[in-house]
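Protein chains in written order, with the working numbering: chain W, 172 to 697; chain F, 3 to 132. C-beta: ideal position from N, C-alpha, C; glycine also.
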Amino acid sequence: MASSIEAMESLRTGGGVLGGVALNGEPDRGGAGRLLIIGEGPSAERAARALEVAGWMVKLAPPTGPWPLADAWVVFEGASGARSRLRQTAENLAPRLPIVVVDEQADVEQAREWLLWGAADYFPAPGGEWPVDRLHSRLEALHLERCHTAQDPLPAAENDLWDDLERVMTFLDGIRDGVIFTDSDGAIIAINRSVERQLGISSLATLGADVESLEGPAELCALLTQGFERVLVGGVNEWNGEVLLGGLAGEPLAFEVSVLALPGAEEAARLGAVAILRDVSAVRRSERVKSQFLSIVSHELRAPLTAIKTFVSMLCQGRLGEVPDRQQRVLDDIRDQARRLEHEIDKVISLARLEGEDFERGDEEFPVRDLIEVACRPFSRTVEAKGLSLHLEMPAPDVLVRADFEDIKRALQALIENSIKFTPEGGEVRVWVEAEDESVVMRVQDTGIGIAPWHHELIFERFQQVERPLTRQFGGAGLGLSVARRILRAHDSDVELESAPMQGATFSFRLPRCPLAAPAGGTAPC
Amino acid sequence: MLSDEIRAGQKTVLIIEDEEMIILSTQMLLESVGYRVEAAQNGEEGIRKAAEIDPDLILLDVMMPGLDGWETLGLLKRRPETEGIPVVVFTAREHAHGQNKSRELGATAYFRKPFEPDDLIELVARSIRS
Numbered sequence: 172m173a174s175s176i177e178a179m180e181s182l183r184t185g186g187g188v189l190g191g192v193a194l195n196g197e198p199d200r201g202g203a204g205r206l207l208i209i210g211e212g213p214s215a216e217r218a219a220r221a222l223e224v225a226g227w228m229v230k231l232a233p234p235t236g237p238w239p240l241a242d243a244w245v246v247f248e249g250a251s252g253a254r255s256r257l258r259q260t261a262e263n264l265a266p267r268l269p270i271v272v273v274d275e276q277a278d279v280e281q282a283r284e285w286l287l288w289g290a291a292d293y294f295p296a297p298g299g300e301w302p303v304d305r306l307h308s309r310l311e312a313l314h315l316e317r318c319h320t321a322q323d324p325l326p327a328a329e330n331d332l333w334d335d336l337e338r339v340m341t342f343l344d345g346i347r348d349g350v351i352f353t354d355s356d357g358a359i360i361a362i363n364r365s366v367e368r369q370l371g372i373s374s375l376a377t378l379g380a381d382v383e384s385l386e387g388p389a390e391l392c393a394l395l396t397q398g399f400e401r402v403l404v405g406g407v408n409e410w411n412g413e414v415l416l417g418g419l420a421g422e423p424l425a426f427e428v429s430v431l432a433l434p435g436a437e438e439a440a441r442l443g444a445v446a447i448l449r450d451v452s453a454v455r456r457s458e459r460v461k462s463q464f465l466s467i468v469s470h471e472l473r474a475p476l477t478a479i480k481t482f483v484s485m486l487c488q489g490r491l492g493e494v495p496d497r498q499q500r501v502l503d504d505i506r507d508q509a510r511r512l513e514h515e516i517d518k519v520i521s522l523a524r525l526e527g528e529d530f531e532r533g534d535e536e537f538p539v540r541d542l543i544e545v546a547c548r549p550f551s552r553t554v555e556a557k558g559l560s561l562h563l564e565m566p567a568p569d570v571l572v573r574a575d576f577e578d579i580k581r582a583l584q585a586l587i588e589n590s591i592k593f594t595p596e597g598g599e600v601r602v603w604v605e606a607e608d609e610s611v612v613m614r615v616q617d618t619g620i621g622i623a624p625w626h627h628e629l630i631f632e633r634f635q636q637v638e639r640p641l642t643r644q645f646g647g648a649g650l651g652l653s654v655a656r657r658i659l660r661a662h663d664s665d666v667e668l669e670s671a672p673m674q675g676a677t678f679s680f681r682l683p684r685c686p687l688a689a690p691a692g693g694t695a696p697c
Numbered sequence: 003m004l005s006d007e008i009r010a011g012q013k014t015v016l017i018i019e020d021e022e023m024i025i026l027s028t029q030m031l032l033e034s035v036g037y038r039v040e041a042a043q044n045g046e047e048g049i050r051k052a053a054e055i056d057p058d059l060i061l062l063d064v065m066m067p068g069l070d071g072w073e074t075l076g077l078l079k080r081r082p083e084t085e086g087i088p089v090v091v092f093t094a095r096e097h098a099h100g101q102n103k104s105r106e107l108g109a110t111a112y113f114r115k116p117f118e119p120d121d122l123i124e125l126v127a128r129s130i131r132s
């Protein structure tokens with residue numbers, strides 16, 4: 172407040188250097204620092220040249236921006252035309268960047284406002300004649316003060332970061348992704364043009380502001396804040412998130428946010444962080460179209476498969492007359508292959524459905540015994556052909572769980588199929604259930620080749636197997652475990668894995684147990 | 003298999019389904035255990051036939067041209083002459099709310115295609131009007 176009073180006093184007495192140090196005589200021409208003059212017109216250009224002669228590295232920026240960071244800014248009020256944005260920026264940056272205002276009008280009210288907004292000084296320039304010498308002295312004093320003060324919020328390393336940023340931002344303004352740099356306190360030090368479009372805000376007005384104060388779509392800003400907090404306070408090096416926003420024309424917008432730490436010289440120190448905002452709406456849209464396509468195609472495959480399965484089962488069971496032994500074996504194989512095809516189609520449909528916008532899981536109570544019996548049925552011949560033993564350990568008494576029967580059946584089948592696939596001849600696959608007070612734990616355990624700990628996450632990715640695709644000896648598209656995990660996550664559960672190479676694997680998941688006793692008999696409920 | 007036939011008696015199942023091969027295979031399966039089977043290839047024909055022959059069970063597909071399975075089910079349950087006939091909805095397409103929707107509209111069961119023939123026989127025996 173004191174400086175604003177001084178400003179008015181000074182104005183009344185015919186102008187001068189306000190609220191600071193006035194140096195008499197010739198200015199020191201020994202080189203000062205980087206100066207940004209925001210303004211245009213002949214008087215601003217003249218002043219720029221004069222200050223350059225005085226030793227400053229001067230850049231003249233138009234009132235509409237961009238306004239690169241410098242050691243000090245001079246705002247030419249008379250020509251600004253972007254007052255509200257400048258005001259916001261000045262408020263944000265003033266604590267760490269000296270801003271001096273030059274005004275052709277010599278308006279007391281304007282002086283008061285600028286000083287209240289955080290400007291370091293205000294110089295009247297009647298008739299467009301800038302008081303260059305006094306301006307130079309004042310700027311130099313402010314610059315020295317900033318460089319030497321103990322509370323300088325911009326230590327050397329951070330200053331370097333600012334220097335680099337100025338160059339980097341020239342390029343980053345040309346890319347589609349939004350980029351936001353903050354210092355270690357979460358104050359925005361650079362922001363590129365794409366962010367303006369993505370958040371619908373002025374990137375200039377946010378300079379110096381705290382990340383938390385960003386304005387724009389609430390969910391996206393919340394995600395950004397969360398990301399910066401995890402990196403700057405939580406200590407993680409990288410954080411990723413995604414958010415879906417309702418678009419203006421009803422088409423949802425999807426944004427991927429990655430926040431990365433900018434490491435400091437010392438271990439665990441942070442110079443700041445950078446967020447990258449990527450509009451992935453088109454990618455997600457194409458995924459939705461793909462899911463719809465898969466769903467339709469799968470339906471078209473299921474219809475003929477229904478007829479094939481029914482016909483061949485009738486033949487296998489002798490419902491249409493006695494079948495000679497050799498033909499019986501062929502028919503059994505056809506039926507098994509039809510079941511396998513059905514199982515593969517089911518996996519694709521599950522994935523498409525789980526990724527679909529309208530996904531909603533069923534919610535029903537069913538006995539665990541029914542689930543295990545139905546889930547294991549397709550594997551009897553595979554197990555026999557491979558020389559494995561499949562042990563089913565049913566709960567006694569039976570227990571009820573609450574879930575989507577078909578989905579959980581598919582998840583369990585994916586785990587069983589995986590165990591069968593990776594267990595060599597003579598091995599064992601065991602499906603067993605442990606009933607706890609409020610939940611039921613289902614386990615699929617095998618004596619197979621096992622999985623190294625560093626692959627425990629990889630195997631749940633789509634189309635992934637631990638082996639390389641061209642050399643692997645086990646078939647399959649690598650969809651099963653991914654589908655199982657997605658199904659269980661949709662049930663607020665997850666697949667747990669315990670395994671080590673050559674020591675088999677145990678996959679388990681948990682479902683909520685229902686308190687009532689299981690009814691006798693019955694298959695998939697309505 | 004003999005017990006299936008005894009259970010089936012001479013009860014009638016009406017299949018409402020637009021896929022000819024599914025009608026044929028399901029018809030052969032159910033006839034092999036002693037049911038009398040009638041078929042309709044769309045919803046309108048199905049509603050008419052249901053009123054005409056008063057079947058003991060209807061197997062109803064969802065994805066059909068014209069009236070779809072849900073609309074057909076709604077109409078069957080709103081008409082006095084067909085409201086008491088048990089309906090099993092069977093579908094090859096995943097429906098986000100299929101299970102709940104079929105229950106709300108009054109279906110006895112919701113069944114997915116392809117099915118295990120033995121499971122269908124079991125379900126028909128359980129769901130048919132006694």
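I need the boundaries of the beta strand (DSSP E) containing residue i, first residue and last residue.
| i | result |
| --- | --- |
| W:ILE591 | Segment 576-592 is the alpha helix (DSSP H) holding W:ILE591; no beta strand (DSSP E) there. |
| W:LEU207 | 205-209 |
| F:ASP63 | 59-63 |
| F:ALA42 | 38-42 |
At 8 Å on the CB atoms, spell out the chain F contacts of residue i, in chain order.
| i | result |
| --- | --- |
| W:SER112 | Chain W is shown from 172 up to 697; residue 112 of chain W falls before or after that span and cannot be answered. |
| W:PHE537 | Within 8 Å Cβ-Cβ: nothing; W:PHE537 doesn't reach chain F, min ~12 Å. |
So residue i contacts chain W; which residues on that side make the cut at Cβ distance below 8 Å?
| i | result |
| --- | --- |
| F:SER132 | Result: empty, since nearest Cβ-Cβ is about 17 Å, beyond 8 Å. |
Would you kindly report the start and end of the unbroken alpha helix (DSSP H) that includes residue i?
| i | result |
| --- | --- |
| W:VAL404 | Taken as a continuous stretch (DSSP letters only), W:VAL404 belongs to no alpha helix (DSSP H), as it is neither H nor E. |
| F:THR28 | 22-34 |
| W:PRO683 | Careful: W:PRO683 lies outside any alpha helix (DSSP H), inside the beta strand (DSSP E) at 676-685. |
| W:GLU526 | 496-526 |
| W:THR353 | Counting along the chain, W:THR353 falls outside any alpha helix (DSSP H), though it belongs to the beta strand (DSSP E) covering 349-354. |
| F:THR74 | 71-80 |
| W:TRP288 | 279-288 |
| W:ILE543 | 539-547 |
| F:LYS51 | 45-55 |
| W:GLN616 | Note, W:GLN616: premise wrong, no alpha helix (DSSP H); beta strand (DSSP E) at 610-617. |
Output, in chain order, the set of chain W residues within a Cβ distance shorter than 7 Å of residue i.
| i | result |
| --- | --- |
| F:ARG38 | Those within 7 Å of F:ARG38 in chain W number zero; the least Cβ separation is about 16 Å. |
Ordered along the chain, which non-local residues of its own chain (more than five positions away) have a Cβ less than 8 Å from that of residue i?
| i | result |
| --- | --- |
| W:VAL271 | ALA243, TRP244, VAL245, VAL246, ALA290, ALA291, ASP292, TYR293, PHE294, LEU306, ARG309, LEU310 and LEU313 |
| F:GLY86 | ARG131 |
| W:ILE516 | SER469, LEU472, ARG473 and LEU476 |
| W:ARG200 | Caution applies to W:ARG200, whose pLDDT of 37 falls short of 50 and renders its modelled position unreliable; the value that the coordinates give is listed next. Excluding residues within five positions, the ones whose Cβ falls inside 8 Å are VAL224, ALA225 and GLY226. |
| F:GLU124 | none |
| W:GLY597 | GLY558 and LEU559 |
| W:VAL303 | ALA218, ALA221, LEU222 and ALA225 |
| F:GLY71 | ILE18, GLY45, LEU62, ASP63, VAL64, MET65, VAL91 and THR93 |
| F:PHE38 | Note on identity: in this sequence residue 38 of chain F is Arg, with Phe being the wrong assignment. Excluding sequence neighbours, F:ARG38 sits near GLN12, LYS13, THR14 and VAL15. |
| W:GLY298 | GLU275 |
| W:MET673 | ILE620 and GLY621 |
| F:ASP120 | none |
Which residues in chain F sit within 7 Å of residue i, going by Cβ to Cβ distance?
| i | result |
| --- | --- |
| W:GLU513 | PRO116 |
| W:SER355 | Within chain F, no residue comes near W:SER355; the closest Cβ sits about 47 Å away, beyond 7 Å. |
| W:SER484 | PRO119 |
For residue i, go through chain W and note every residue whose CB falls closer than 9 Å to its CB, in chain order.
| i | result |
| --- | --- |
| F:GLN43 | Chain W residues near F:GLN43: none, gap ~14 Å exceeds 9 Å. |
| F:GLN1 | Beyond the ends of chain F as shown, which are 3 and 132, falls residue 1 of chain F; an answer cannot be given. |
Below 6 Å CB to CB, which residues in the same chain sit around residue i once its five sequence neighbours on both sides are set aside?
| i | result |
| --- | --- |
| W:LEU682 | VAL572, ALA574 and VAL611 |
Mind pulling the chain F residues with CB within less than 9 Å of residue i?
| i | result |
| --- | --- |
| W:ARG490 | MET3, MET30, LEU31, SER34, VAL35 and PRO119 |
Short of 7 Å in beta carbon distance, which residues of its chain neighbour residue i, apart from the five on each side in sequence? Order them along the chain.
| i | result |
| --- | --- |
| F:LYS51 | LEU16, GLU40 and ALA42 |
| W:LEU264 | ILE270, LEU378 and GLY379 |
Chain W contacts made by the segment 51-67 of chain F, where a contact means CB separation under 8 Å:
Answer set for the segment 51-67 of chain F: MET65.
Anything in the segment 451-480 of chain W with a Cβ closer than 7 Å to a Cβ of chain F? List those residues in chain order, please.
Here the close residues are SER466, HIS470, ARG473, ALA474, PRO475, LEU476, THR477, ALA478 and LYS480.
Against chain F: residues of the segment 570-603 of chain W by CB proximity under 9 Å
For the segment 570-603 of chain W, which is checked against every Cβ of chain F, the residues closer than 9 Å are ASP575, PHE576 and GLU577.
Count the CB pairs spanning the segment 532-547 of chain W and the segment 569-584 of chain W that are closer than 8 Å, and state whether there are at least three.
The segment 532-547 of chain W is in contact with the segment 569-584 of chain W.
Residues in the segment 21-32 of chain F with C-beta within 8 Å of chain W's C-beta atoms, listed in sequence order?
Those would be GLU21, MET23, ILE24, LEU26, SER27, THR28, MET30 and LEU31, in chain order.
Do three or more CB pairs link the segment 100-113 of chain F to the segment 500-513 of chain W at distances below 8 Å?
Flag = no, the segment 100-113 of chain F and the segment 500-513 of chain W do not touch.
Would you call the segment 446-464 of chain W in contact with the segment 487-499 of chain W, where contact means no fewer than 3 C-beta pairs closer than 8 Å?
No: the two stretches stay apart, fewer than three of their Cβ pairs being nearer than 8 Å.
Between the segment 587-605 of chain W and the segment 659-671 of chain W, are three or more C-beta pairs nearer than 8 Å?
They do not touch, by the three-pair rule.
Kindly confirm or deny that the segment 576-588 of chain W and the segment 621-631 of chain W touch, where touching means at least three C-beta pairs closer than 8 Å.
Verdict: no, contact absent.
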